[in-house]
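There are 2 protein chains.
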Amino acid sequence: MIDYKLLEALATVLEHGGFDRAGDALGISQSAISQRLRTLEIRLGQPVLVRSPELKATPVGQRLLNHFQQVRLLERDLTSTLPSLTEPSARLRIALNADSLATWWADAIADFCQEESLLLDLVIEDQDVGLRRMREGDVAACLCSSPQPVAGARCLPLGAMIYRPLATPDYVARYFPEGLTETALRHAPAIVFGPNDQLQHRFLAQCGFRNAFPHHLCPSSEGFVKMALAGLGYGMIPEIQARAELDAGTLVSIAPDQYLEVPLYWHFWRYGGGTMERMTRALQHTHRRQS
Amino acid sequence: MIDYKLLEALATVLEHGGFDRAGDALGISQSAISQRLRTLEIRLGQPVLVRSPELKATPVGQRLLNHFQQVRLLERDLTSTLPSLTEPSARLRIALNADSLATWWADAIADFCQEESLLLDLVIEDQDVGLRRMREGDVAACLCSSPQPVAGARCLPLGAMIYRPLATPDYVARYFPEGLTETALRHAPAIVFGPNDQLQHRFLAQCGFRNAFPHHLCPSSEGFVKMALAGLGYGMIPEIQARAELDAGTLVSIAPDQYLEVPLYWHFWRYGGGTMERMTRALQHTHRRQS
Chain G
1 MIDYKLLEAL ATVLEHGGFD RAGDALGISQ SAISQRLRTL EIRLGQPVLV
51 RSPELKATPV GQRLLNHFQQ VRLLERDLTS TLPSLTEPSA RLRIALNADS
101 LATWWADAIA DFCQEESLLL DLVIEDQDVG LRRMREGDVA ACLCSSPQPV
151 AGARCLPLGA MIYRPLATPD YVARYFPEGL TETALRHAPA IVFGPNDQLQ
201 HRFLAQCGFR NAFPHHLCPS SEGFVKMALA GLGYGMIPEI QARAELDAGT
251 LVSIAPDQYL EVPLYWHFWR YGGGTMERMT RALQHTHRRQ S
Chain V
1 MIDYKLLEAL ATVLEHGGFD RAGDALGISQ SAISQRLRTL EIRLGQPVLV
51 RSPELKATPV GQRLLNHFQQ VRLLERDLTS TLPSLTEPSA RLRIALNADS
101 LATWWADAIA DFCQEESLLL DLVIEDQDVG LRRMREGDVA ACLCSSPQPV
151 AGARCLPLGA MIYRPLATPD YVARYFPEGL TETALRHAPA IVFGPNDQLQ
201 HRFLAQCGFR NAFPHHLCPS SEGFVKMALA GLGYGMIPEI QARAELDAGT
251 LVSIAPDQYL EVPLYWHFWR YGGGTMERMT RALQHTHRRQ S
């Protein structure tokens, strides 16, 4: 049988970002933490952590974490039927897209997390990295726009987000006085989330425009809206994120007939136990209520 | 003299996240891009890019980018006095903290960016990584809470952000019916931005509490506020970000006498030229207006 104290030390060091803090969290000394990790590495004959440039698990460390998190989830099911075994709150690490986290996510899972005393470790990743972290066992679930299932995981559709190309009325008057002409699109600065964000390119392709365009890069959902509101550019913004600004007229669509629908899929470990099943039901419930 | 077409190909591949898109941006074929990078690597006798797990510059590639971006900035000064040399908009890569980007940043630099047709590549990094990217020449400036200057760069104070421990009134009634007792703090779930976020620990230390506490991790400024509003936890939120919620009473401070002040410093290349100087003046102006 695996010595779970060793795996717990590894998981805690990574969750808390350091040996001191992991020791505090487990109520043992920093040197006891180091000793447990050393024991683990000696047994495996290889390192489980790299210390620099940042603290992270090696591939074998990731596999251990994966296993440990699955065991913790399964233990939760057991302790819910055997209350005498009760333990402190469980943690669940989930990768998701920035725009879901900035908009509907918290409301969708709030009741569920409170009822189950569940703590979330959220990480923002685009779909390729999110699904890779899921394959590596670093996250227990991933919310993204790819329907491609991961081996050992299930994948359920969770509706879609609607994106519209928004800017201030002043911006529209300045850069698009004659509408979305080729010349205007070639000069009007856009706002793009990051180098892998294809929404802007897809929108422009829908408009029949395939040339290069000037753009800011802004990898923050809220910063993105703030930049649009400050008149720095136009950008593809989730409708639900800009409802107040659209109602107030501080943001308008530069092409009212055009929008993009980005589907969302919920990927989760098939054997994640009851907690994961109940969380999935909470997400499906929100999705049905919205649609 | 360096062949700047080669450096431009490198910078464009990294800015656009791929060879195809870089080709589109420069109006040349993907194979012409590859050829330029190959030429560069042959001259240097070493690679300038790594392709996996993600596209990024090698250390020597970073040094070339640093140099290229400085040359681009200096060129801008020249073309502003020699309009016949005019070129398309310049880009400036800047690292900053997530909370500034989610709150005051866009308003502070909007006029400046419009007047100068300047495009921004923003990256969110905490201070250690942001300053390291500055030392490596990957970013031209860094906004963070460290006053420690980087060699070759200047560092100016830009005021501070005030953080308060906020939660919903329901949350306070549920978890802190008798105030911030030791027992309550040991059980009330907090929200923490990420493993390196020390604000929560500093706040608790100010309250005389030094034990472990349950917490969610949520690396998104807007998601953080949404999680607090959904009643999932209390967290250290910038006062300027929660003004509407504080006025409406949907968020309240769990300890009205307590707050944390996080100073902000603007680090920028000493020889960044006039553009960088003018941008710095725009930021100082906003800071003076606010204080």
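Protein sequence lines correspond, in order, to chains G and V. Letter by letter, the first sequence follows residues 1 to 291 in UniProt numbering. Letter by letter, the second sequence follows residues 1 to 291 in UniProt numbering. C-beta atoms are modelled at their ideal positions from N, C-alpha and C, and glycine is treated no differently. Computed from a prediction, not measured in an experiment: that's the story for all the values here.
What does residue i touch in chain V if you count any residue whose Cβ is under 7 Å from its own?
i: G/H16; result: P195
i: G/I124; result: P219, S220
i: G/C113; result: L232
i: G/L119; result: P189, P214, H215, H216
i: G/D24; result: A212
i: G/A98; result: S220
i: G/A110; result: A230, G231, L232
From residue i to residue j, what distance separates their C-alpha atoms?
i: V/C207; j: V/G235; result: 14 Å
i: G/L55; j: G/L10; result: 11 Å
i: G/Y4; j: G/H216; result: 47 Å
i: G/G159; j: V/V48; result: 42 Å
i: G/G249; j: G/R174; result: 16 Å
i: G/A255; j: G/P165; result: 7 Å
i: G/I162; j: V/L6; result: 40 Å
i: V/L251; j: V/L73; result: 44 Å
i: G/A188; j: G/M227; result: 14 Å
i: G/L96; j: V/D247; result: 31 Å
i: V/Q200; j: V/V192; result: 7 Å
i: G/T103; j: V/E222; result: 8 Å
i: V/A32; j: G/F224; result: 33 Å
i: G/T286; j: G/V71; result: 28 Å
i: V/S145; j: G/G273; result: 42 Å
i: G/R132; j: G/V60; result: 15 Å
i: V/L118; j: V/L143; result: 18 Å
i: G/L101; j: V/T39; result: 43 Å
i: V/E245; j: V/V172; result: 15 Å
i: V/L92; j: V/A57; result: 17 Å
i: V/F176; j: G/D138; result: 34 Å
With burial defined as no fewer than 16 other Cβ atoms inside 10 Å of the residue's Cβ, what is the status of residue i: buried or exposed?
i: G/E116; result: buried
i: V/A230; result: buried
i: V/Q69; result: buried
i: G/D170; result: exposed
i: G/Y265; result: buried
i: G/Q148; result: exposed
i: G/A106; result: buried
i: V/I42; result: exposed
i: V/A108; result: buried
i: G/P238; result: buried
i: V/D257; result: exposed
i: V/G45; result: exposed
i: V/P88; result: Low per-residue confidence applies at V/P88: pLDDT is 48, beneath 50, and the placement is therefore not dependable, though the value from the model is reported in the following sentence. Exposed.
i: V/S220; result: buried
i: G/E277; result: exposed
i: G/D261; result: First, the residue type needs correcting, since residue 261 of chain G is Glu and not Asp in the sequence shown. Under this definition G/E261 is an exposed residue.
i: residue 325 of chain V; result: Because chain V in this structure spans residues 1 to 291, residue 325 of chain V falls outside the shown range and cannot be described.
i: V/N211; result: exposed
Can you pull the chain V residues whose beta carbon is under 8 Å from the beta carbon of residue i, in chain order?
i: G/K226; result: L101, A102, T103, W105, A106, D107
Mind checking which residues open and close the beta strand (DSSP E) that includes residue i?
i: G/C207; result: Taken as a continuous stretch (DSSP letters only), G/C207 belongs to no beta strand (DSSP E), as it is neither H nor E.
i: V/W105; result: From DSSP, V/W105 is part of no beta strand (DSSP E) but of the alpha helix (DSSP H) over 105 to 116.
i: G/R43; result: Where G/R43 is concerned, there is no enclosing beta strand (DSSP E), although the alpha helix (DSSP H) it sits in stretches over 30 to 44.
i: V/H217; result: The sequence as given places Leu at residue 217 of chain V; His does not occur at that position. Here the beta strand (DSSP E) through V/L217 covers 215 to 217.
i: V/A190; result: 190 to 192
i: G/S122; result: A small correction: the amino acid at residue 122 of chain G is Leu; Ser does not occupy that position in the sequence shown. Per DSSP, G/L122 belongs to the beta strand (DSSP E) from 119 to 124.
i: G/R243; result: Careful: G/R243 lies outside any beta strand (DSSP E), inside the alpha helix (DSSP H) at 243 to 248.
i: V/Y234; result: 234 to 238
Less than 7 Å separating the Cβ of residue i from some heavy atom of the ligand ADP?
i: V/I254; result: Among the components modelled here there is no ligand, and therefore nothing to report on the ligand ADP.
Which residues bound the alpha helix (DSSP H) around residue i?
i: residue 297 of chain V; result: Any question about residue 297 of chain V goes unanswered here, given that chain V covers just 1 to 291.
i: V/Y271; result: Note, V/Y271: premise wrong, no alpha helix (DSSP H); not H, not E.
i: V/A140; result: No alpha helix (DSSP H) contains V/A140, which DSSP labels as neither H nor E.
i: V/V172; result: 169 to 175
i: G/G223; result: 221 to 229
Listing by chain order, which chain V residues have their CB less than 9 Å from the CB of residue i?
i: G/G274; result: Within chain V, no residue comes near G/G274; the closest Cβ sits about 20 Å away, beyond 9 Å.
i: G/G137; result: Within 9 Å Cβ-Cβ: nothing; G/G137 doesn't reach chain V, min ~16 Å.
i: G/G235; result: Chain V residues near G/G235: none, gap ~12 Å exceeds 9 Å.
Would you mind telling me which residues of chain G sit closer than 8 Å to residue i, beta carbon to beta carbon, in chain order?
i: V/G130; result: Residues of chain G passing the Cβ test: none, with the nearest at roughly 13 Å.
i: V/G159; result: By Cβ distance, chain G contributes nothing, its closest Cβ being about 18 Å from V/G159, past 8 Å.
Against chain A, does residue i count as a neighbour if the rule is that its beta carbon must be under 8 Å from one of theirs?
i: G/G179; result: In summary, chain A is missing from the structure at hand, where the protein chains are G and V.
Please list the partners that residue i has in chain G, where partner means a Cβ-to-Cβ separation under 7 Å.
i: V/G208; result: Correct list: empty, because the minimum Cβ distance to chain G is about 15 Å.
ask   = Do the segment 182 to 201 of chain G and the segment 179 to 194 of chain V touch if we need at least three Cβ pairs shorter than 8 Å?
value = no
inquiry  = Three or more C-beta pairs under 8 Å: does that hold for the segment 266 to 283 of chain V against the segment 150 to 158 of chain V?
reply    = yes
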